[in-house]
Every structure is written in structure tokens, then in C-alpha cells.
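**Student:**
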Amino acid sequence: MKERLTRELMALRAACELKSGQVVNLGFGIPTLVSNYITDCMDITLHSENGLLGFGPEPDGEIFEADLVNAAGVPVTLFPGGVAISQIDAFGIVRSGKLDISILGAMQVSEAGDLSNWLLPSKGVGSPGGAIDIAHGTKKLVVLMEHTDNQGSPKILKNCSYPVTACGKVSLIITDVAVIEVKDKRLVLRETAPGWSPVEIQEITEPQLVIPKNVLQMDFAREPVVSPSKIFQNVDHALSDIFDGAVILMDGFGGLGGMSHFLMVSLREQGAMDLTLVSNTAGIARVSSFGRPPSSGLQAIDHSILIESGQVKRVIASFPVSPSPSRPSAFEKALRDRKVDLELVPQGTLAERLRAGAFGIGAFFTPTGIGTIVEYGKESRIIENKEFILEKALVGDFAFIRAHKSDTKGNLIYKGTSRNFNSIMAQAATITIAEVDEIVESGELDPDEIVTPGVFVDRIVVRPKHFSPFVPINELTDD
Amino acid sequence: MIKSRLTRDIMAMRVAKELVNKSYVNLGIGIPTLVSDFVSSPRSIIFQSENGLLNYGPLANHLNPDVDLVNAGGQFLENVPGMSFFSSDEAFAMIRGGHIDVSVMGAMQVSEKGDLANWMLPKRGVGNIGGAMDLAVGAKQVIVAMEHTDKENNPKLVTTCSFPLTGKDCVHLVITDLAVIEVTSRGLLVKELAPDWTLQDVQDLTEPCLIPSADLKPLEL
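Protein sequences, first through last, are from chains A and B.
In terms of our numbering, the first sequence has 403 at position 396, counting the first letter as 1, and numbering is strictly consecutive.
In terms of our numbering, the second sequence has 197 at position 63, counting the first letter as 1, and numbering is strictly consecutive.
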């Protein structure tokens, strides 16, 4: 009988698929072994659906911490900058497309990329666990399994006979004899194990394989590691790709604390136009005493600077205007002059729409706004004798997030009441830019105190020491 | 003779009497904010603020307060033991999820069915919803604290709200500068009256018909 790859070599071959900077989930069985071939310098963040990001190998010796295990219940260690997260965050990462690659075991894989890995029909009951969420949510799904079952029958089939975990999601199959790409519902043989010919592999595979001329022998070489830093010394570079028409999630509740004033001022210099701002207010700090220290004859910079520069075409907010009608904000004036549009959203609905967006949920039913203008044009439904309206998820192209500290991996902690919308907006944008007081080395923040895991943070800018978030009140354009 | 109405402080004091020890309470902007000054013993009520704060203490009383310690009205707070901070989505999970016992809000209008209008003056054309709509549907009990009439002496307790609604059928108790009124399925039930004010005096300043409670009595503090 021909020699097949060992489980270790299979895991090594799978590890070759990983690229620096990726977030990776490994399933039970052979996939777990892949972690042995990930080194610290590869900058891979391992995700475990029980709520871990950035974990490392099993601890040496007998030291065993019951509160630090992976989804298989195996004790692990945390790499510096690793963080424990909640179940909600763990699957939010999966569903929202932040999980780059997932390597799972399988009972069967079909020609079309269907995966069966949760139920042996003869057993009658099985455990989908996180597999269905992960198989659907991951950007790239790799199956790592033996090519045939215990009886030598093919596991790669025309159609799965077992219940499927996900349809058409598998893009690569790595077995103990071959590497096969799933492409347009066909299986393309890419590599063979040493000593195996394409014909021999076809013999133990049910569907017809596409066999290109250049089938390679399996290669265990890995790409050189280059991981770009998240830290931007120059704020202009951090904002350079903000485009006209971008949707920006802008942090803060309304006052001085928790607003990324430095990014705001820098965006005015950057000059992108036709922006949509998603924010609790549309700039009220300048026209109210909200969050203004009594000692200062100073007022906080707010959204008004972007309204006045004509960069904003639309605002989605819950508290858009000054509490006092006699002191209209720049936004209220622009609204009156029809220079901007407003979508008014109840505050809790705004937070939940962002949460849904962050976590890959399309929409949700809420009781808030029944019988008010908020329900116009929206689907409503009676659920368990209570009326609800359908609200859609909200996401941004960019998020500006004021936080207290970051580490080099982008893990964030906040101060006091300045967390509010910031931590949820950080999770709901394609590109999240954090403005922090200080950046520390990864490992310096207590993993249990980290609020926003670095997987959600793309760029970090330090607010300069000399930067003042204030302008003297008499210098404001107050007519 | 012009009869005197209750002061804002007295109204807040009367609201405070409704709060049961250890309950979770959210206070809106305006008169409701004053309520925390009148709870029976300090920290006997757990106040929640929708900007992500639980179990806060008194307002800060110094010139250079912490900008990262404010309530949802933007007022600075003292740093006291036992507070916890959280995000807006969690703050509203508490509110919508039924974990807040009482929401005290101001109002522009309240209808006899308990509809609440408190977010927009139609003539302004724009207003702030803030957390009010979520609190209206989410809090177990909604208490409105407001003046009985507007600046032109028009009733704010109305048959049907003419201003845009914050919530339908959500107000349980209204405490004004003239009376304490419960919203019931039969209509507005007057429980207490301000000193020197008769039921008829209050009825004259109220649009819907008031029902006197069997134990109608002077205001109790």
C-alpha cells in the first residue's frame, strides 16, 4: 500500500495557506495540529469560538489554568496581545467577515464545495457547535481531512449523503494525498503527495477531477513574513484613503470626552466630500453646556467643523440638534438651508443597528418607535403578542474611535463614560481608526480589561500631546 | 388670587417618593435630573444613565471635573465607589430588555391613554429623540414629571397628543406642579392635589376629564 502523509505533514501543508496578519480558526482533530506550525513571528491571530483571540500552544509542564482553554477544552497560553472575548464577540467576528480563514475537518465534501462535518446519520444526533456559523462566515474555508474513510471509501463525493454544514463554501481541500481546489463547482487537482499520481488520486475520488498539466508535488515552503504595523505616525496617511461619499461612524456621546477631535480636525484638512456621518449627535458641544468643564471659557471641537466646511451631505443621529432651540448648531442651520439630510434614529436603535452590522446580522425587530414617526415605511410584526418594527443593520466604511490606550496589536481600553458608542462603532466599520492617548507594547494591557479586541482595529494614531480639543468660545462662528 | 404651584424641587421630591429602594432608575433631562437629590438615603437607588453608567453618585461640584465622567445630560459627576461603565449597546440592552424599573422623563404632552410626546416641538421642524423612545417602551414603569401647563397656560395633559409621539400607551404616572395623576384604563385618575388646589381648579387646566381617586388627598411628600 502506498504511503500517505502523516497528520503532522497534513497540518504543516495547511499551515502554508496562512498569511501574516490573518485571523484564523482551527477545528477539532487534524486542524488543531496546524497551531504547532504557527510561530510567533508569523503574526497569525488564532480565533477560538469559545472566546479567545491570539492564543498559543499548550502550556509547558503541569501548570493548568481552567479559565484559559480553547473550544476543544484544551488548555492554551495567550500570546502577548491575546485577549479573551465573549461568545457574542467570538461569533460576531465570524459572521461579520473578520475571520480570514478557517480550517475544519470533514466527513464528506462535495464537488460543489458542500461540507458535511457534524452528523453521522447512523448516530442519529450530532453537535453542530460553531461549525455552521464558521463555515458560513469565514472568508476562506479549507477542509483538512483524510482522503478516504476507514473502509477506504472516498470522502470527496459528487453529493454529500450526510447532512450538510454549509453549501458551496469549501474553497480548498487538503488531504493525506492531494491538494484540491474547488472552482466553479469543479474539483481542480493542484498538488499530489510524494509518490502519488493524479490517476491514483482519481481512483479514490468519486467526482471527476480536473487535472491541469502543471499538477505540482506538495510543497511545504511558506511565504516570507511581512506584517504591516497598525501604528501610523502621520495622521494624514491614516486618513488618506477616505473617499468622497464615504460613510464614517463618528464616536462620542455629545460632549468633550470620547470624541476623536484630532481625527475630526485632520479629516477637515483631508477634504473628502459628500460624507455620511453616523453619530449620536451632529455637533452640539459648541452650542450647549453639554460636557463642558465649568472652569473653561473654552468649547470642544465638534462635528460642526465638518458641516461648515461643506463635507457632510447626510447625518444619521439620535440627538442631532442643540437642546435649546434658541441656539441652533451649524448642522441645524445647514438642515434648514437643505444642505444636509438627516435620518433620525432612536438612540438604542442606533446602537443596536451598529451592533447588528458589527456582528453580521442583517436586521432585527425592536419595539422602540411603535406608534411614532420612526415606524413609517418599516415592516412591523406581532411576535408573542407584542408589536415590533424591523430595523436594518448599519455599517461604516470608516470608524473614528477615541480610546484611552492601545497596544501594538490594536487592543483598546476606554475611560469612564467615554466608551458609549465607541466600542460598538469600532466593530462595525471596514476600516477602524483609533485615536489614543498612548500606545503600549502588546502584552502590557491586562487581557481581561481589553474592551475592543485588536482584530477590529486597523489603524492607530496617537493624539499629539500639544493638541487641544478646545477652541475659545469667542473664536467660534457664533452669529 | 394666583395660587402657587409646586416648585421643581418639590416635584422632584414627590417623584423620589415613588422610587423603591434598590430599584434601577433612569432619570431624563430637566426636572427628572433633580430627583437624585431627594432619595431617602444616598445610593439607595441604583441610577442608570444611557451613555453607559450605572450606580452613579452626585453631580461634581468643582471647577475641573473629569471629562470622561458625565451623565446622559452632559453633567459632570463625582467619582464614587461602585460605579460601572459600559457601552451604548449594553445600556440599551438594559433598557429594552426590561432591566430598568423606572424611567422618569419630562414631557411636552401626555394623553389620557398614556401616550407620550417629548421629543419635538413641531414648529422647530427637528428634534432630539435621544434615548427617550427606547426608555418609553423598555422601562417597567414610566413616570412623567412636568409642569401641568405650557408657558401660555395651555394644558399639557391632553385628549390626544398633537405633537409627534415618543411612545404610545407607555406613561403610568404623571407628577405635575398641581397634581399626582395615574394613567388607568378608565382614564386619568387624580390621586393627590397641590396645597390650595381643588379638583375643579386642576380640571380647568386639563383637557380630558379627570377621575377623582376614592382616596383623593393633598400632596404627600
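Even for Gly, the Cβ is constructed at its ideal location relative to N, Cα and C.
#1: Tell me which same chain residues have a C-beta within less than 6 Å of the C-beta of alanine 410 of chain A, skipping the five on either side of it?
#2: Hey, which unbroken runs of the beta strand (DSSP E) at 3 residues or more fall wholly within the stretch 254-291 of chain B?
#3: Chain B partners of asparagine 418 of chain A, CB-CB under 7 Å?
#4: Alpha carbon to alpha carbon, how far is valine 201 of chain B from valine 308 of chain B? Give it in angstroms, no decimals.
#5: Return the Cβ separation of alanine 146 of chain B and isoleucine 165 of chain B in integer angstroms, given the expectation that the two are a contact with Cβ distance under 8 Å.
#6: So, helix, strand or coil for methionine 49 of chain A, using DSSP?
#7: Which of the three DSSP states, helix, strand or coil, is assigned to alanine 173 of chain A?
#8: Between glutamate 326 of chain B and leucine 353 of chain B, what straight-line distance do the alpha-carbon atoms span, to the nearest angstrom?
#9: Would you mind working out which of B:Asp235, B:Gly216, B:Ala241 and B:Ile345 sits nearest arginine 320 of chain B, comparing C-alpha positions?
#10: With H, G and I counted as helix, E and B as strand and the rest as coil, what does DSSP make of isoleucine 467 of chain A?
#11: Excluding the five sequence neighbours on either side, which residues of its own chain have a C-beta within less than 7 Å of the C-beta of leucine 40 of chain A, listed in chain order?
#12: Taking alanine 289 of chain A as the reference, give the member of A:Gly265, A:Ser316, A:Met257 and A:Gly278 with the closest Cα.
#13: Considering only the alpha carbon of each residue, which of B:Ser170, B:Asn213 and B:Asn252 lies closest to asparagine 198 of chain B?
#14: Entirely within the stretch 104-147 of chain A and at least 4 residues each: give me those alpha helix (DSSP H) ranges in chain order.
#15: From the DSSP output, which residues share a beta bridge with methionine 239 of chain B?
#16: Determine the burial state of methionine 280 of chain A: buried for a count of at least 16 other Cβ atoms within 10 Å of its Cβ, exposed for fewer.
#17: Identify the contact partners of threonine 294 of chain B in chain A, using a Cβ-Cβ distance below 9 Å as the criterion.
#18: Return the chain-ordered ranges of every beta strand (DSSP E) run that is complete within the stretch 254-307 of chain A and spans a minimum of 3 residues.
#19: Helix or strand or just coil, what does DSSP make of glutamine 29 of chain A?
#20: Scan the stretch 287-333 of chain B and note each continuous beta strand (DSSP E) run of 3 residues or more that stays entirely inside, going in chain order.
#21: Would leucine 483 of chain A count as contacting chain B if we go by Cβ distances under 8 Å?
#22: Report all residues from its chain with a CB closer than 7 Å to the CB of glutamine 94 of chain A; omit the five preceding and five following residues, and keep chain order.
#23: Return helix, strand or coil for aspartate 414 of chain A, following the three-state DSSP convention.
#24: Would the stretch 150-160 of chain B count as touching the stretch 325-338 of chain A if we require 3 or more Cβ pairs under 8 Å?
#25: Could you please give the first and the last residue of the uninterrupted alpha helix (DSSP H) stretch that includes glycine 364 of chain A?
#26: Are the Cβ atoms of lysine 290 of chain B and methionine 242 of chain B separated by less than 8 Å?
#27: Please report the straight-line C-alpha distance between isoleucine 255 of chain A and proline 460 of chain A, rounded to a whole angstrom.
#28: Decide yes or no for the touch test of the stretch 172-179 of chain A against the stretch 209-229 of chain A: beta carbon pairs closer than 8 Å, at least 3 of them.
#29: Should arginine 357 of chain B be labelled buried (16 or more other beta-carbon atoms within 10 Å of its own) or exposed?
#30: Go through its chain and collect everything with a Cβ distance to leucine 397 of chain A's Cβ below 8 Å, but skip five positions before and after it.
#31: Is it right to say threonine 172 of chain A is buried, meaning 16 or more other beta carbons lie within 10 angstroms of its own, or is it exposed?
#32: Label cysteine 343 of chain B either buried or exposed according to how many other C-beta atoms from any shown protein chain fall within 10 Å of its C-beta, with 16 as the threshold for buried.
#33: Over the uninterrupted alpha helix (DSSP H) stretch that includes serine 222 of chain B, give me the two end residues.
#34: Less than 8 Å between the CB atoms is what I'm expecting for tyrosine 44 of chain A and methionine 114 of chain A, so what's the real figure, rounded?
#35: Between the stretch 314-322 of chain A and the stretch 343-354 of chain A, are three or more C-beta pairs nearer than 8 Å?
#36: Within the continuous beta strand (DSSP E) that includes threonine 84 of chain A, where are the two ends?
**Tutor:** Per the coordinate set shown:
#1: Leu419, Tyr421, Ala441 and Val443
#2: 275-279
#3: Within chain B, no residue comes near asparagine 418 of chain A; the closest Cβ sits about 16 Å away, beyond 7 Å.
#4: 34 Å
#5: 6 Å
#6: helix
#7: strand
#8: 5 Å
#9: B:Ile345
#10: strand
#11: Arg14, Glu15 and Ala18
#12: A:Met257
#13: B:Asn213
#14: 138-144
#15: B:Val278
#16: exposed
#17: Neighbours of threonine 294 of chain B on chain A: none; closest Cβ ~12 Å, over 9 Å.
#18: 254-257, 282-285 and 305-307
#19: coil
#20: 307-309, 313-318 and 321-327
#21: Reliability of the predicted coordinates at leucine 483 of chain A is poor, the pLDDT of 49 falling under 50, and no value is obtained from them.
#22: Gly58
#23: strand
#24: no
#25: 354-365
#26: yes
#27: 20 Å
#28: no
#29: This structure gives no information on residue 357 of chain B, because the portion of chain B shown stretches from 135 to 355.
#30: Ala370, Phe371, Phe372, Lys385, Glu386, Ser387 and Arg388
#31: buried
#32: exposed
#33: 222-230
#34: That belief does not hold up - the Cβ atoms of tyrosine 44 of chain A and methionine 114 of chain A are roughly 24 Å apart, past 8 Å.
#35: yes
#36: 84-91
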